[in-house]
Structure formats: structure tokens, C-alpha cells
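Numbering (the UniProt record's numbering), first residue to last: 1 to 185.
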Amino acid sequence: MISPRLAHAISIAAYAHRNQIRKATSIPYICHPYSVMVIAQSCTRDEDVFIAALLHDVLEDAAEEYSEHDMLNDFGPRVVSIVKEVTKDSSLPMWQERADSYLTHLETASHEALIVCLADKTHNLMSMVADYEAVGDALWARFNAGKDRQLWWYSSVWDVLERRLGKDFPGVADYARLLSTFAKA
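Below you can see the structure in the form of C-alpha cells.
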């Protein structure tokens, strides 16, 4: 059952991302945070994690629509903390710097943030595998970093998640299978 608080988070995520689409597709962006929430639900029953999953890209991609202050007022410091833990540092100018900073932060991130990260990266891999099957190598033109860098990125995230969450944690084996499929693309 969806609580009023979770329904409010769904509404906010839909509003904040209303003018966005997934890279080089016509898919409304809200499909991504909603999918991340659904994947997170297979790992935990913690509503704050579900809300953070829904809002995980808001501060990075739509802060003008919904600020950290708004999030704090609506959902409290725990949700804000989880979201901030999975938000890349946009002050860093280069993709590699942002990736390295994110990976360093994952080493000490909360268990809840690791779940959101796992769900986020799992959905990204699912989308990329499906898109590769549809468009082939044209997929790589959508990204700032090509296939080799993307593979490095998702493998590096995997290394941290598998070590910190454990190989038997729900969703970790799914991530590994997707990563293997992605590597063969």
C-alpha cells in the first residue's frame, strides 16, 4: 500500500522531472526514479529509502524545481542525507573527477544510500542493455564517456557494492548479471 507520504514523494518526483526525458529517447524521465524505487523495494521495507530512491536525481538534475530545503521540510533530514549521499558533485568539471569522487564517497556511504545506488545503477544497466539491443553501438554517442569508460564506471560501482553489501544481498546478483551482459555488448 502506498502511504500518503510516499504518494507525496511520487507527486514531487513527477513534478520535478516533468520536462525531462531519458537520454536520446522519448521516455519520460520519471520512469527512471520510479523504477529505482521499485528495485529498492526488493531490498528493504524502509519508506525513507523508497522516497530517497524517487528523489535521488532531484538535487542533481532539478534543484530549481525542488530544493534541498523543500525536501528537508517535506521528508526530514534522513531522506535528505540519503539523497545527498548518492548525488554526484556537480562542482567538479570533468566526468572522471565526478566518478572518482562518487566512488570515494560510496566507501563510507550509509547502508540506505548503498541500496539507492544499487537500485539506480541496476536500472541504468537495464536501460543500457535494452537500448543497446535496439540501437547497437549508436548507444555510446548518448554519453559523455564511451563504452569502455561506462564499463569501468559500472564495474567500479559493483566492486564497492558487492564488498559493502555482500554478494548475497538482494539485487546484488542481478546487478552482476546485468554487468556481465553489458560487458558483452
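Using N, Cα and C, we set each Cβ at its ideal position, and we do this for glycine too.
| Item | Value |
| --- | --- |
| Burial state of Lys121 (16 or more Cβ within 10 Å) | buried |
| Expected contact under 8 angstroms - CB spacing of Leu161 and Leu118 to nearest Å | 5 angstroms |
| Residue from Lys88, Asp70, Asp89 with nearest C-alpha to Val80 | Asp70 |
| Reference Ile2; option with closest CA among Pro28, Phe50, Arg22 | Phe50 |
| Test item: CB-CB of Gln20 and Asp74 under 8 angstroms | no |
| Those runs of the alpha helix (DSSP H) which lie wholly inside the UniProt domain "HD" (29-125) and span at least 4 residues | 31-41, 47-55, 58-61, 68-75, 77-85, 95-106 |
| Where the alpha helix (DSSP H) containing Phe182 begins and where it ends | 172-184 |
| Cut-off 7 angstroms between Cβ atoms - residues of its own chain near Arg177, not counting five sequence neighbours on either side | none |
| Residue environment, Trp153, which counts as buried when at least 16 other CB atoms sit within 10 Å | buried |
| Beta-carbon gap between Pro33 and His8 smaller than 8 angstroms | no |
| As assigned by DSSP and simplified to three states, the class of Ile21 | strand |
| Nearest-angstrom Cβ-Cβ length linking Cys43 and Gly171, presumed shorter than 8 angstroms | 5 angstroms |
| Cutoff 8 angstroms: Met94 Cβ touching any chain C Cβ | The question asks about chain C, but that chain is absent: this structure has only one protein chain. |
| For Lys23, the nearest candidate out of Ala141, Gly136, Gly166 (CA to CA) | Ala141 |
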